[in-house]
Structure formats: C-alpha cells, structure tokens
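Protein chains in written order, with my numbering: chain C, 1 to 145; chain G, 146 to 394. Where a beta carbon is used, it is the ideal one built from N, C-alpha and C, also for glycine. The block underneath contains the structure these notes are about, expressed in structure tokens.
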Amino acid sequence: MATGRQGPKDVTVTLADSPGGTARNIHGFMTAGIAAKLINRLTETRALGSNRDEHTPIGVLGIEAIPLTLIFDTTSTTGSRAVTRITDSDADPTSVGRAMVIDFGDSKTLTMTVHLGEYEEAVQMDNIQMINCVAQPTGTFTYAA
Amino acid sequence: MVERRGPADAFLLADGYDLTASVVQGLNAKTINRLEGPFVGLGNNRDQYAPIGVRGHELTQGPAFFDTATGRSHAALGAPNVTADPNATARIVCFGVDGEVIGRFFTGYEGAFQSEYELLAAGEELQKAVGRYAVSGEGNDGVILQPVEAKTADWNTEGSPVDNAASSANGGVGYLQVVLSTGFTNFVGKIRHSTDDITYTDLITFTDNVSAPFAERIAVAGTVNRYLAFDGNVTGSGSITVFCGFSRS
Chain C
1 MATGRQGPKD VTVTLADSPG GTARNIHGFM TAGIAAKLIN RLTETRALGS NRDEHTPIGV
61 LGIEAIPLTL IFDTTSTTGS RAVTRITDSD ADPTSVGRAM VIDFGDSKTL TMTVHLGEYE
121 EAVQMDNIQM INCVAQPTGT FTYAA
Chain G
146 MVERRGPADA FLLADGYDLT ASVVQGLNAK TINRLEGPFV GLGNNRDQYA PIGVRGHELT
206 QGPAFFDTAT GRSHAALGAP NVTADPNATA RIVCFGVDGE VIGRFFTGYE GAFQSEYELL
266 AAGEELQKAV GRYAVSGEGN DGVILQPVEA KTADWNTEGS PVDNAASSAN GGVGYLQVVL
326 STGFTNFVGK IRHSTDDITY TDLITFTDNV SAPFAERIAV AGTVNRYLAF DGNVTGSGSI
386 TVFCGFSRS
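Next comes the structure, spelled out in structure tokens:
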C-alpha cells in the first residue's frame, strides 16, 4: 500500500462476531465512515498564584466510544446483523470483549478490544434499513507504527 | 449475496394493533448493553469498561397518521395506553425489519410500557401520532412462523416450516398477535414442532380467543425440535388476521 495520503478505499474494519469470536470484515457495510479518538486524560493543575491554565497527564489513555453505521444485511454468519447484534455473551460481566481492528490505510492499524454498548435497527422511509451501533474500546490498544 | 431490506419490509404490532400501515416516518429499535466505566485500576494506565450483565431496549415509532377509526393509531397509541398505574399490564410488541415472510427475523418484547403519546398538528399536513416505548424485561429475537395474514378456515404452515438445522435444548418464547376477528366463535393458535418435518406435535397452545385485537406471549422450557410451524384452528365461519413468531432461547 502506498505511503502518503489515504482515501476511503484504503480503509478496512474488522470486528469479532462475538466475545473471543472470529474476526469479520464489516467495512463493506459501512457507509458513514469511522472515527477513533485517542484521549490523553489530563487534570487541571493550575495552582494559586498562576494566571495560566495548566494541565497534567494522569497517566491514563483511552479511546472514545466508536459509533458505527452499517447497512442492515441478514446474510448468515458474515452479514452486518449477524456480526454486530448484541448477544448474551456480550452482556456477561465476564465477557472478554471483541477484537476490533481499523486500518486507516498503509497498514496503520488501531487494534483494540471493544464491548458493544448499543445496537439499533433503523427503518427510514427514504433509505434501506440501517444498523447503528456503538463499540466501546476497553483496556489496551495498539497503534501500528 | 447481499440480504438488504427497505421500509416495505418493516412491520410493527402492539397488543394486536397493526401499526404498520400507519407508520410513516420510520422505526428505531435499540438494544443497550449496560457498561460500567470508564475506570482505571491500580497499576493500570488504560480506560476500561465492563458489562454489568444488564441489557435494555428502546423502541421509537416514527410519526403515524392520527387515525380515529376502530383499531387504528389513536386506539392503538392513545392516552388510555399511557397508563401510570404501577400495576398496569405491559404491552406485547412485535416488530420486524427483515420482511413479513416465514423464516425471516422478528423481535418480540416481553413488556413494553408506552411512555409517551404525542399528537402533532401542523398547518399543511395531516395530524400525526407518535408513540415511544420503554421496554421491561426481555427482547426476544426470533423467526416468523405466520406473517400477518387473514384466514377464513383452519390452516397450518407445516408445508413451509422454519428449519433450525438442529433442535435446541433451552426452550423459547412464542408470540401471537391477532389483529382482526369476525364471525368465528373460537380460535386456537398453536406452535408445533417436529424432528423430521413429518410428524408434528404441539409446543405452545395459545388461549382460545376471538376478541381482537389481542396479543399473547408464552414461554416454554426444554427441547424445541428442529422444525417449527404454526397451526390455526377456528370454529364457525368468519375471518381472522394473525401473526405468530418464536424465539429460541
């Protein structure tokens, strides 16, 4: 894959079909793009006598919840409904979460574990059925160099 | 092969009221997996979230035509259905976005309390009605055994059963919605199952009832055989419009 600028055709997204399950490609169902925001948790440390804001990292990183919009597809096993529907195992307190990998192009991947927090089927009068779901990253994650 | 669906594939039934034709601006059905977090444990430097073992459901029906005819949106969604009684009976709701075809997916809600009823009047439109539901208990994902259809004599769907490829051992839940009933003195609907698609036995027997609109939800334990079908038995002459689906646990 070429270095430099990357476009929509260079993006791939895979999501395990269950906690600890098989990785499935879901980018083929995604029409609204995807965004992953890395957060460096900061605390305000402006002290008495200072007239400037001051922030200090607390040593914790996180990734904000990732909304996903997908075309509703009932294809068995690999369709968007089969892969993203929240199941009993997702809600189990002992769930190990689902592996998710986003390649933004040129193999610059973000690899993480997520819990599916929301799954919504949406019927609109001027569109085909869509799925809106939210993947909440948890724990460790890796950005490819 | 893709399996996409459009608005013509959606349907919504609540306590036997068929809101499908009245719903003009969509439907949103959300499952929520309640997560605790973010939290960071000692020695850890990453946000963490954890499921607490609780799921919730929300159902929002888009604006429907405000229709005061018998069995239409005002009767289905109107103020008497928005009850503040702590001991009120929850509504039985079934909806689908996959098409009204035997074997296609549907979702049934164990207990849906209508939390809102909104009437909208605008200068250049017909009045609209919007209902919102808070769901208590389970949302059951299942398959359609009998799509909404009018019947005038005994019938069954054993000629086109739903094949699960194997039996299951953890029971399930059957949903029945009866939209219209005229003339008949009795109606007994049954969900039947079979190991070989030859010999069928009763799995669930719904209450004998011809006072539409009504809905019923019955749970069953134990083995559910591979093949499922619906059987409708009527007495007298008339017409009855019925929907049935089953969710394996």
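Buried versus exposed call for tyrosine 206 (chain C) [16 or more other C-beta atoms within 10 Å across all chains shown]: This structure cannot speak to residue 206 (chain C), because chain C is shown only from 1 to 145.
Near-chain C residues of the segment 188–218 of chain G - C-beta to any C-beta below 9 Å: Asn189, Asn190, Arg191, Asp192, Gln193, Tyr194, Ala195, Pro196, Ile197, Gly198, Val199, Arg200, Glu203 and Gly207
Contiguous alpha helix (DSSP H) assignments of at least 4 residues, all confined to the segment 157–193 of chain G: Taking only runs of at least 4 residues, no alpha helix (DSSP H) segment lies wholly in the segment 157–193 of chain G.
Interface flag, tyrosine 119 (chain C) vs chain G, CB-CB below 8 Å: Within the first sequence, residue 119 (chain C) is the residue found at index 119, counting from 1. Chain G contact via Cβ: present.
Straight-line gap, glutamate 294 (chain G) to methionine 100 (chain C) (C-alpha atoms, nearest Å): In the second sequence, residue 294 (chain G) corresponds to position 149, counting from 1. In the first sequence, residue 100 (chain C) corresponds to position 100, counting from 1. If I take the Cα positions, the gap works out to 43 Å.
Status (buried if at least 16 other CB within 10 Å, exposed otherwise) for lysine 175 (chain G): Locating residue 175 (chain G) in the second sequence gives position 30, where the first residue counts as 1. It counts as buried.
Contacts around leucine 348 (chain G), its chain only, beta-carbon distance under 7 Å, and the 5 residues preceding and following it disregarded: Your numbering for residue 348 (chain G) matches position 203 in the second sequence. Here the set comprises Ile336, Arg337, His338, Val365 and Val369.
Counterpart residues of proline 67 (chain C) in DSSP-defined beta bridges: The residue labelled residue 67 (chain C) in the question sits at position 67 within the first sequence. Paired residue(s): C:Val134.
Test item: CB-CB of glutamate 64 (chain C) and isoleucine 86 (chain C) under 8 Å: Counted from its first residue, the first sequence places residue 64 (chain C) at position 64. Counted from its first residue, the first sequence places residue 86 (chain C) at position 86. Not in contact: glutamate 64 (chain C) and isoleucine 86 (chain C) (Cβ atoms no closer than 8 Å).
Pairwise C-alpha distance: alanine 221 (chain G) and aspartate 192 (chain G): The sequence position of residue 192 (chain G) within the second sequence is 47, counting from 1. The sequence position of residue 221 (chain G) within the second sequence is 76, counting from 1. Between aspartate 192 (chain G) and alanine 221 (chain G), the C-alpha separation is close to 45 Å.
Beta-carbon gap between aspartate 73 (chain C) and arginine 149 (chain G) smaller than 8 Å: On the first sequence, position 73 is the one that residue 73 (chain C) refers to. On the second sequence, position 4 is the one that residue 149 (chain G) refers to. Cβ atoms of aspartate 73 (chain C) and arginine 149 (chain G): closer than 8 Å.
Range covered by the alpha helix (DSSP H) that runs through valine 83 (chain C): On the first sequence, residue 83 (chain C) is found 83 positions in, with the first residue counted as 1. Valine 83 (chain C) -> alpha helix (DSSP H) spans 80–84.
Residues from the segment 100–126 of chain C in contact with chain G, defined by Cβ distance under 7 Å: Taking 7 Å as the Cβ-Cβ cut-off, the segment 100–126 of chain C approaches chain G at His115, Leu116, Gly117, Glu118, Tyr119, Glu120, Glu121, Ala122, Val123, Gln124 and Met125, given in chain order.
Reference cysteine 239 (chain G); option with closest CA among G:Gly216, G:Asp163 and G:Gly328: The residue you call residue 239 (chain G) lines up with position 94 of the second sequence. Closest by alpha carbon: G:Asp163.
Buried versus exposed call for serine 50 (chain C) [16 or more other C-beta atoms within 10 Å across all chains shown]: Here the question's residue 50 (chain C) lines up with position 50 in the first sequence. Exposed, because fewer than 16 other Cβ atoms sit within 10 Å of the Cβ of serine 50 (chain C).
Minimum length 3: unbroken beta strand (DSSP E) runs contained in the segment 259–309 of chain G: 273–296
Under 8 Å between C-beta atoms of alanine 310 (chain G) and tyrosine 278 (chain G): Indexing the second sequence from 1 puts residue 310 (chain G) at position 165. Indexing the second sequence from 1 puts residue 278 (chain G) at position 133. Result no, Cβ atoms of alanine 310 (chain G) and tyrosine 278 (chain G) do not sit closer than 8 Å.
Close beta carbons around valine 323 (chain G), own chain, < 6 Å, minus the five adjacent residues each side: The count along the second sequence starts at 1 and reaches residue 323 (chain G) at position 178. Same-chain partners within the cutoff: Gly161, Ala357, Phe359 and Val387.
Residue closest to serine 167 (chain G), alpha-carbon to alpha-carbon, out of G:Leu290, G:Lys273 and G:Gln291: Walking along the second sequence from the start, residue 167 (chain G) turns up at place 22. Out of G:Leu290, G:Lys273 and G:Gln291, the CA that lies nearest to the CA of serine 167 (chain G) is found in G:Lys273.
Contact with chain C by aspartate 299 (chain G), beta-carbon distance below 8 Å: For the purposes of this step, residue 299 (chain G) is taken as residue 154 along the second sequence, with counting starting at 1. It does not: the Cβ of aspartate 299 (chain G) has no partner Cβ on chain C nearer than 8 Å.
Same chain, Cβ closer than 6 Å to threonine 350 (chain G), neighbours up to 5 away in sequence not counted: Here residue 350 (chain G) refers to the residue found at position 205 when the second sequence is read from its first residue. Lys335.
Cβ neighbour criterion (16 or more within 10 Å) applied to phenylalanine 251 (chain G): As a working note, residue 251 (chain G) is residue 106 in the second sequence. Burial call: buried.
Leucine 222 (chain G) - DSSP class collapsed to helix/strand/coil: Working through the second sequence from its first residue, we reach residue 222 (chain G) at position 77. When DSSP states are grouped into helix, strand and coil, leucine 222 (chain G) belongs to the helix group.
Rounded separation between glycine 151 (chain G) and arginine 24 (chain C) - CA only: For the purposes of this step, residue 151 (chain G) is taken as residue 6 along the second sequence, with counting starting at 1. For the purposes of this step, residue 24 (chain C) is taken as residue 24 along the first sequence, with counting starting at 1. Near 24 Å, if we compare the C-alpha coordinates of arginine 24 (chain C) and glycine 151 (chain G).
Cβ of aspartate 154 (chain G) within 8 Å of any chain C Cβ: Against the second sequence, residue 154 (chain G) aligns to sequence position 9. Closer than 8 Å to some Cβ of chain C, the Cβ of aspartate 154 (chain G) qualifies, so yes.
8 Å Cβ cutoff met for valine 96 (chain C) and glycine 117 (chain C): Against the first sequence, residue 96 (chain C) aligns to sequence position 96. Against the first sequence, residue 117 (chain C) aligns to sequence position 117. No; because the gap between Cβ atoms is not below 8 Å, this pair is not in contact.
Contact set between aspartate 243 (chain G) and chain C, taken where Cβ atoms lie within less than 7 Å: Numbered from 1 along the second sequence, position 98 holds the residue referred to as residue 243 (chain G). Among the residues of chain C, those whose CB is under 7 Å from the CB of aspartate 243 (chain G) are Thr74, following chain order.
Secondary structure of lysine 37 (chain C), DSSP reduced to three states: For the purposes of this step, residue 37 (chain C) is taken as the residue at position 37 of the first sequence. Coil at lysine 37 (chain C), not helix or strand.
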